[in-house]
Amino acid sequence: MEVFSPSVVLTDICARFDWRKLFGNDHPVELDLGAGDGGFALAYAKQHPEINLLAVERLLGRVRKIEKRAVRAGLDNLRVLRLEFGYTVRYLLPPESVTLAHILFPDPWPKRRHWPRRLIQPDFVRDLAVALKPGGELRFTTDHAHYFETAQQAIRDACVLKPASEWNWADDPKTDFQQTFDAEGRATYRARWVK
Numbered sequence: 001m002e003v004f005s006p007s008v009v010l011t012d013i014c015a016r017f018d019w020r021k022l023f024g025n026d027h028p029v030e031l032d033l034g035a036g037d038g039g040f041a042l043a044y045a046k047q048h049p050e051i052n053l054l055a056v057e058r059l060l061g062r063v064r065k066i067e068k069r070a071v072r073a074g075l076d077n078l079r080v081l082r083l084e085f086g087y088t089v090r091y092l093l094p095p096e097s098v099t100l101a102h103i104l105f106p107d108p109w110p111k112r113r114h115w116p117r118r119l120i121q122p123d124f125v126r127d128l129a130v131a132l133k134p135g136g137e138l139r140f141t142t143d144h145a146h147y148f149e150t151a152q153q154a155i156r157d158a159c160v161l162k163p164a165s166e167w168n169w170a171d172d173p174k175t176d177f178q179q180t181f182d183a184e185g186r187a188t189y190r191a192r193w194v195k
């Protein structure tokens, strides 16, 4: 019996994904950009078998952990890619093919000199908008007030997504960060945009 593998192995670093080939079906595709330890991706994929979820994470140890847990849980609607987020969005996602992108607690790079390293910048937002289907969504969550403000400004500056009302996130799985922040009573900031 062949064991399911959630690993995305790139044979051509410049070829855009063929979602049907990658997942074996035509279900809507969602992204978890910066999957961390995979807590959200694993629970969300289990909660939503009707969608395909691509979890993107840069750190090898985290990727391997997500892959092992996905195999144990039999989550054939979850794929895991170890790659930089900006490259993935710009070069590997087919145009107008993604229904929803989740960005949960990305590194806030709190020092002023590091702000250019923040993920949400106008160019990144424009690249993501190309990949989103018409009506597709970006959902952003952070505990860092300044990053929340600058991310909103970056998205406005990109001029490709429209602000939308907050989604009902009560049933969304919580990341380890979210659980920690909730226990500490820290504020969490959320916003949603649509193409």
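So the sequence shown is residues 1 to 195, counted in our numbering. Cβ atoms here follow ideal geometry from the backbone N, Cα and C, with glycine treated the same way. Computed from a predicted model, the values in this text were never measured in an experiment.
- Message: Let's see if you can read the secondary structure: which residues bound the alpha helix (DSSP H) around G39?
- Response: Judged by DSSP secondary structure, G39 falls within the alpha helix (DSSP H) whose first and last residues are G39 to Q47.
- Query: Do you know how far the Cα of S7 is from the Cα of Y189?
  - Reply: So the two alpha carbons sit approximately 31 Å from each other.
- Item | Own chain, CB closer than 8 Å to T150, minus 5 neighbours either side, in chain order | So the list reads W115, R118 and I120, once near-sequence residues are dropped.
- Task: Would you kindly check if the distance between the Cβ of F85 and the Cβ of N52 is under 8 Å?
- Result: Contact annotation: N52 and F85 have beta-carbon atoms that are not nearer than 8 Å.
- Item | Completely contained alpha helix (DSSP H) runs for the segment 80-141, where each covers 4 or more residues | Segments of the alpha helix (DSSP H) lying fully in the segment 80-141: 122-131.
- Task: Can you tell me which of the three DSSP states K21 falls into?
- Result: Helix, per DSSP.
- Taking Cβ to Cβ, would you say R112 is nearer than 8 Å to R82? Not in contact: R112 and R82 (Cβ atoms no closer than 8 Å).
- Message: Does K162 come out as helix, strand or coil in the three-state DSSP assignment?
- Response: Strand, per DSSP.
- Message: Can you tell me whether V8 is helix, strand or coil according to DSSP?
- Response: Assignment of V8 by DSSP, reduced to helix, strand and coil, places it in the coil class.
- Query: Can you tell me where the alpha helix (DSSP H) with R62 in it begins and where it stops?
  - Reply: Note, R62: alpha helix (DSSP H), L60 to A73.
- Straight-line Cα distance separating S5 from E166: Spanning the two alpha carbons is a distance of roughly 35 Å.
- Task: Locate the beta strand (DSSP E) running through A191, then write down its first and last residues.
- Result: From DSSP, the beta strand (DSSP E) with A191 extends over Y189 to V194.
- Task: Determine the closest residue to R16 out of A41, P94, L33 and P110, with distance taken between C-alpha atoms.
- Result: Out of A41, P94, L33 and P110, P94 has the C-alpha closest to the C-alpha of R16.
- Task: Assign D32 to one of three DSSP states: helix, strand, or coil.
- Result: Secondary structure of D32 (DSSP, three-state): strand.
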